[in-house]
Amino acid sequence: MSSSEIIDDSKDSGGHQAGMNFIPPLERTEGQPAPIAANGGRSYISFDRGGDGGSAAATEEALSQIAERESKGSIDPLDNISSGPINTKWGVGFRDYDECVKYIKDADFDVPEGGVALPLRYSINEYPSYSVVPSNALWDDPSRRQDAEVLKREEERSKQRALYFPKILRDARRISDYYPGLSPRTPECMDKLGVSLAHCDSK
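For the sequence shown, numbering that gives the first Met the number 0 begins at 0 and goes up steadily by one.
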């Protein structure tokens, strides 16, 4: 969907300023790759139609993507794999959590002080994914029963396009050990690493 398709509903039929949804500006972190999300990361609110928050446009994109993949006969990468280590371009992954735990124990990971090694679940789906909320009118519309079935089936398949990967989490309080001169309690740390620490009193 191109930016030229964005609907400007900022003025009513008389040319006066009308109520508008807040559309967050598209911001990118300097030095980071472009977003992999649909529409280059632009919020679907930009494609609002009559106050739907862009849900109609998102649903159309989801159905179009599914149809395109099916027309090409795309096969999910995990369809013919049941268990065991699975080599991916992101490293070794596992369908089963316990298998990943065993791999971590057998591999004897070199975990730094304060850190932990554990399985983390990540999607290996390289296409944008969509989820239609239960309150969407589509589910109760008899004329869109086929679309509903397609979307429901695809959402279930999307859940299966994920693996457990063995990962090492480092102690954020020790960021200065890895990045000398960078305090984890500063805005500069958030700018550089996307994470920082803050103190919060709780009762």
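We treat Cβ as the ideally placed atom computed from N, Cα and C, and that holds for glycine.
- prompt: In chain order, which alpha helix (DSSP H) runs of at least 4 residues are fully inside the segment 141 to 178?
  reply: You should have 144 to 159, 174 to 177.
Cα-Cα separation between K191 and D47, rounded to whole angstroms: Cα-Cα distance, rounded: 34 Å.
field: Rounded separation between P183 and G49 - CA only
entry: C-alpha separation (whole angstroms): 44 Å.
field: Exposure label - R41; buried when at least 16 CB within 10 Å
entry: R41 is classed as buried because its beta carbon has at least 16 other beta carbons within 10 Å across all chains shown.
message: Going residue by residue through the segment 15 to 97, where are the continuous beta strand (DSSP E) segments of at least 3 residues, counting only ones entirely within it?
response: The qualifying runs are 85 to 87, 90 to 92.
task: Could you tell me which residues DSSP pairs with R120 in its beta bridges?
output: Y163.
query: Taking DSSP as the reference, what is the three-state secondary structure of V115?
result: If DSSP states are grouped into helix, strand and coil, V115 belongs with the strands.
Inter-residue spacing [alpha-carbon to alpha-carbon] between P111 and L168: Between the alpha carbons of P111 and L168 lies a gap of roughly 9 Å.
field: Pair within 8 Å by beta-carbon distance, S130 and E155
entry: 8 Å or more divides the Cβ of S130 from the Cβ of E155.
Supposed contact pair D170 and G114 - C-beta distance, whole angstroms, cut 8 Å: With a Cβ gap of about 6 Å, G114 and D170 count as contacting.
message: Are the CB atoms of F164 and G92 within a distance shorter than 8 Å?
response: Yes, they are a contact pair.
message: Please list the terminal residues of the continuous alpha helix (DSSP H) segment that includes D127.
response: It should be pointed out that residue 127 corresponds to Pro in this sequence rather than to Asp. Taken as a continuous stretch (DSSP letters only), P127 belongs to no alpha helix (DSSP H), as it is neither H nor E.
message: Given this structure, state the Cα-to-Cα distance separating D140 from P23, to the nearest angstrom.
response: Spanning the two alpha carbons is a distance of roughly 31 Å.
query: Near S1, what residues of its chain come up, given a Cβ to Cβ distance below 8 Å and the 5 sequence neighbours on each side ignored?
result: In this prediction, S1 scores a pLDDT of 46, lower than 50, which makes its location untrustworthy; the coordinate-derived value is nonetheless stated afterwards. Within the same chain, and ignoring the five residues on either side of S1 in sequence, no residue has its Cβ closer than 8 Å to its Cβ.
Reduced DSSP secondary structure (H/G/I, E/B, other) of A197: In the structure shown, A197 sits in coil (DSSP, three-state: anything other than H, G, I, E or B).
message: Measuring only the C-alpha atoms, how far is G53 from K101?
response: For G53 and K101, the distance between alpha carbons rounds to 44 Å.
task: Look at the alpha carbon of S157 and the alpha carbon of I103, and state the distance between them as a whole number of angstroms.
output: S157 and I103: Cα-Cα distance of roughly 26 Å.
query: If you draw a straight line from the C-alpha of Q145 to the C-alpha of E29, how long is it?
result: Spanning the alpha carbons of Q145 and E29 requires a straight line of approximately 43 Å.
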